[in-house]
Amino acid sequence: MAIKTKVRKIGNSYGIVLPKEALQALKVEEGATLFLTEAPNHTLNINPEQPGFGEVMQVAEEGMRRYRNTMRELAK
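Yeah, the sequence shown ends on 76 if you go by full-length UniProt numbering, and it's all consecutive.
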């Protein structure tokens, strides 16, 4: 499913407005916390807050930082 939206200026920042269909697909409501995670090919994944998700991402980022050289070699 592809949902089209535009980047808009909001105060001194930029943002996107998620249409109703996107909110329904994510199963979130107004005020929900969403996580943007970097994905291949200059894309982002949008994930609703899940219990423990933030902690898992911190551990993953620390592991990637700590084993950066190993990850780079494995990617070859």
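C-beta: ideal position from N, C-alpha, C; glycine also.
> In terms of alpha-carbon separation, which member of Thr37, Lys76 and Lys9 lies closest to residue 77?
Replying inline: Coverage of the chain is limited to positions 1 through 76, which leaves residue 77 absent and any answer about it impossible.
>> On the DSSP letters alone, give me the boundaries of the alpha helix (DSSP H) that Glu49 sits inside.
In response: The sequence position of residue 49 within the sequence shown is 49, counting from 1. From DSSP, Glu49 is part of no alpha helix (DSSP H); its letter is neither H nor E.
> CB-CB under 6 angstroms to Lys76, same chain, minus the five flanking residues each way: which ones, in chain order?
Replying inline: In the sequence shown, residue 76 corresponds to position 76, counting from 1. Apart from sequence neighbours up to five positions away, no residue of its chain approaches Lys76 with a beta-carbon distance below 6 angstroms.
> So what does DSSP say about Ala75, is it helix, strand or coil?
Replying inline: The sequence position of residue 75 within the sequence shown is 75, counting from 1. In the three-state reduction of the DSSP assignment, Ala75 falls in the helix class, which pools H, G and I.
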